[in-house]
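I have placed the structure first, in the form of structure tokens, so that the comments after it can refer back to it.
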């Protein structure tokens, strides 16, 4: 198994297929950095689909009136997938940018688990040109669809009104506004997205509270040492 460069974990976000995790206040060590994880989504594209979609958003403060943010070539993004419910990764998918392209590796079974990772170049999955204003997607011969680039932040939150509700002033104590104002409207995030056949991920034996088999997944950002 050929590997290159050692990366150490900086940030973590958790999810499970069908469920969504949102995190716009990350750990102090990575908040506001190129390794900051904003959101992680894992879901079926349609009910009963034989595919799973994974979306990783980083750098949630990319505003449209500024130059688009750039993926950091020293940051390796890893999607970790637990099949048996022991919360240890059984399969790993890696994504790392180079010269305007996003390269994907996996899914593979890691030789070791924990806080350090190396790019597994023997398990090339595919690559896609990093988009700018126009979205570019790529589909591999084994049915994996790939995307990397800026997208509007999907996180909807009336942050100003929220603060007014929890700390109302004598002049304004009327509670929430309906429908509210999206503080993040017009803000961008950098997204890494893939739709992948479940046959490449493996069969999960872990179950959710409803007794439905699910992939338990989390994403990490790892900086080159």
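In mature numbering (1 follows the signal peptide of the UniProt record, and there is no 0), the protein residues as written are -21 to -1, 1 to 204.
Idealized CB from N, CA, C, for every residue including glycine.
| Query | Result |
| --- | --- |
| Cβ neighbour criterion (16 or more within 10 Å) applied to residue 164 | exposed |
| Cβ-based burial, residue 77 [other Cβ within 10 Å; buried from 16] | exposed |
| For residue 135: DSSP bridge partner residues | In the DSSP output, where bridge partners are listed per residue, residue 135 has none listed. |
| Pairwise C-alpha distance: residue 70 and residue 91 | 11 Å |
| Close Cβ partners of residue 190 (< 7 Å) along its chain, the five nearest in sequence each way excluded | none |
| DSSP bridge partner residues for residue 30 (one or two, in chain order) | 176 |
| Whether residue 102 touches residue 87 by CB criterion (8 Å) | yes |
| Buried versus exposed, by CB contacts within 10 Å (16 or more), residue 115 | exposed |
| 6 Å CB neighbourhood of residue 33 in its chain, flanking five on each side removed | 21, 58 and 173 |
| Cα-Cα separation, residue 7 to residue 201 | Caution is warranted here: a pLDDT of 48 is assigned to residue 7, below 50, making its placement in the model unreliable, and the coordinate value is therefore given only provisionally. Between residue 7 and residue 201, the C-alpha separation is close to 15 Å. |
| N- and C-terminal bounds of the beta strand (DSSP E) containing residue 116 | 116 to 118 |
| Cβ separation of residue 175 and residue 31, assumed to be a contact under 8 Å, to the nearest whole Å | 6 Å |
| Span separating the alpha-carbon of residue 151 from that of residue 143 | 8 Å |
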